Amino acid sequence: MLESLAGLAAERGPLGIIGAALWPSPARPRVLVVTAKPEDWAQAMASRAEALARDAGYRPETRPFQPHITLARLGGASASPACVAALETAAHALHGAAMRFDSLSLFASRTPPDGPWFERLATVRLSGG
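Counting with this note's numbering, you get residues 7 to 135 for the letters of the sequence shown.
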């Protein structure tokens, strides 16, 4: 399956940064992310990856696709107004920059009662782009 995933990204380009965010909300943040414009090629790649995972017997993702980079996982404390203001300043500074990637990693998520963690199962280097 990993080889098939590597083939999905053969015709990729940069992802334009559109901002930063606290997910799922600033009031109850769990992750700090840099968000990217959902380019057509990235949307298509995500759809094909979902199909490959479904064909391999994995449960499909129920949330809509949003290209991003996770910067930090947070402990669930609410974000202070100063934290939100700093994030907005950083998001403004990042807007319009571009992200490129040269590898693709497959992760497994674990969700025990003490909090989720993620295990990298494999990584493949990508050519082109």
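Built from N, CA and C at the ideal position, the CB exists for glycine as well.
Computed from a predicted structure; not experimentally measured.
Query, Result
"Residue range of the beta strand (DSSP E) that includes residue 112", "109-116"
"Three-state secondary structure (DSSP) of residue 63", "coil"
"Buried versus exposed, by CB contacts within 10 Å (16 or more), residue 38", "buried"
"Residue closest to residue 108, alpha-carbon to alpha-carbon, out of 89, 129 and 101", "129"
"Residues sharing a beta bridge with residue 138, DSSP", "The question about residue 138 has no answer here: the residues shown for the chain are numbered 7 through 135."
"Reduced DSSP secondary structure (H/G/I, E/B, other) of residue 26", "strand"
"Residue 90 and residue 30 closer than 8 Å at C-beta", "no"
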